[in-house]
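Report on the structure given below.
Residue numbers (mature numbering (1 follows the signal peptide of the UniProt record, and there is no 0)): -26 to -1, 1 to 337.
Quick look at the structure:
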């Protein structure tokens, strides 16, 4: 596949404008000629596309006009936590007229025949009502590895930066964190726009891409990390701390409960949903093509309706994954932290989702 930088931006906008059509974002990326007339083309200029990405133009699509279902504000029951987040439009920018959405996390996990999981901590939560369907060590703060990049994406989206701005990767982006580094197909000097860096970070979990997003944030890395922690406090993620944007540092910690809040929030950002669940993408850097696959086998295999996904791994964290999915018409959040192997993580997720798909809706 041969995509230019310009065609990438066109595909990105097309994915938002036609999100209710039969052509998925991934199909548009993989096959740009998959439109009804054989061509996935847009009449928008590059300037208009950039304005749309940064929230300065309103989409005329039905999906952008239809606000997500609002939750009814109710008194917080004993043993639960009330979290207030903001509804986001498809391009990650909150419409001025949108009221805050209240998410209730209700600790009512009392279902029988619960599956056992290998992971150190696990959570399955009804994403609409906040009902906890399954819990294991949900309040324990643990290293979260590259699950960190979900917050990296939220902070990047909130900043409303120029998504078509070109970023040149520097050696500092490959320096790692806490004495750790990881293999990467990227190289010092590679040029990519901010949207591509975000796609690299979410889909392929490229650490240099996430580091570059933090470096090019207004105020640099320190300001970016401060924004990550401020967002966590705003969302009520009281067990969460961030020290950098990639997840290589084991001092990036959170609880399964906190990550349930983060995933519920991040699922309101169209770019994060689309980029994190792209199964495969060929990045054309002009001088070489990087064929890239999603790090989550459940996304690559396509057997589940997964709306948002992010995996993570460092030695201290074990194998982690967070997902927003739909199970038997119920929106759900799945969090797994500290599984022993990638296969154990996949098996845990499959067991939990299969089990949750059979549950009645009690609230």
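Glycine residues also receive a C-beta, built at the ideal position from the N, C-alpha and C atoms. Predicted model only: the values in this text are computed from it and were never measured.
If you draw a straight line from the C-alpha of residue i to the C-alpha of residue j, how long is it?
i           : j           : result
residue 181 : residue 220 : 5 Å
residue 145 : residue 317 : 33 Å
residue 178 : residue 269 : 6 Å
residue 259 : residue 158 : 15 Å
residue 307 : residue 194 : 32 Å
residue 176 : residue 127 : 8 Å
residue 203 : residue 129 : 10 Å
residue 304 : residue 238 : 13 Å
residue 117 : residue 291 : 5 Å
residue 333 : residue 265 : 39 Å
residue 191 : residue 335 : 42 Å
residue 110 : residue 200 : 30 Å
residue 311 : residue 119 : 9 Å
residue 103 : residue 208 : 20 Å
residue 248 : residue 288 : 25 Å
residue 254 : residue 267 : 4 Å
DSSP state of residue i, grouped into three classes?
i           : result
residue 182 : helix
residue 139 : coil
residue 260 : coil
residue 314 : coil
residue 170 : helix
residue 292 : strand
residue 213 : coil
residue 162 : coil
residue 155 : coil
residue 146 : helix
residue 232 : helix
residue 101 : coil
residue 267 : strand
residue 247 : helix
residue 134 : coil
residue 335 : coil
residue 93  : coil
residue 300 : strand
residue 286 : strand
residue 347 : Here the chain covers residues -26 to 337 and nothing more, so residue 347 does not appear.
residue 281 : strand
residue 241 : coil
residue 126 : helix
residue 320 : helix
residue 306 : strand
Closer than 6 Å by C-beta to residue i: which residues in its own chain qualify, once you throw out the five before and the five after it? Chain order, please.
i           : result
residue 214 : 206, 228, 232
residue 122 : 221, 226
residue 263 : 256
residue 283 : 250, 251, 270, 273, 297
residue 285 : 269, 270, 295
residue 92  : 313, 314, 318, 322
residue 174 : 180, 183
residue 156 : 181
Let me make sure I understand the geometry here. Which of the options has the alpha-carbon closest to that of residue i?
i           : options            : result
residue 328 : 299, 284, 134, 251 : 299
residue 152 : 217, 189, 246      : 217
residue 280 : 314, 241, 311      : 241
residue 315 : 333, 293, 301      : 293
residue 183 : 211, 149, 291      : 149
residue 135 : 155, 254, 189, 87  : 189
residue 261 : 161, 120, 96, 248  : 161
residue 141 : 172, 156, 155      : 172
residue 197 : 85, 133, 320, 208  : 133
Could you tell me how far apart the beta carbons of residue i and residue j are, in whole angstroms, since I believe they sit closer than 8 Å?
i           : j           : result
residue 107 : residue 98  : 4 Å
residue 143 : residue 163 : 7 Å
residue 235 : residue 276 : Residue 235 to residue 276, Cβ: 27 Å. No contact.
residue 124 : residue 230 : In fact, because the Cβ distance is near 13 Å, the residues do not count as touching under 8 Å.
residue 101 : residue 112 : Rounded, the Cβ-Cβ distance is 15 Å, inconsistent with contact.
Report all residues from its chain with a CB closer than 7 Å to the CB of residue i; omit the five preceding and five following residues, and keep chain order.
i           : result
residue 131 : 66, 243, 245, 246
residue 301 : 327, 330, 331
residue 185 : 147, 219, 220
residue 89  : 325, 326, 329
residue 320 : 271, 272
residue 278 : 272, 299, 327
residue 85  : 107, 333
Hey, is residue i close to the ligand SAM, as in C-beta under 8 Å from one of its heavy atoms?
i           : result
residue 100 : Absence of the ligand SAM from the depicted structure is noted, as is the absence of any ligand whatsoever, leaving it without description.
Within the same chain, show all residues whose beta-carbon is closer than 8 Å to that of residue i, passing over the 5 residues directly before and after it, in chain order.
i           : result
residue 223 : 151, 152, 154, 217
residue 165 : 140, 141, 142, 143, 259, 260
residue 212 : 232
residue 87  : 329
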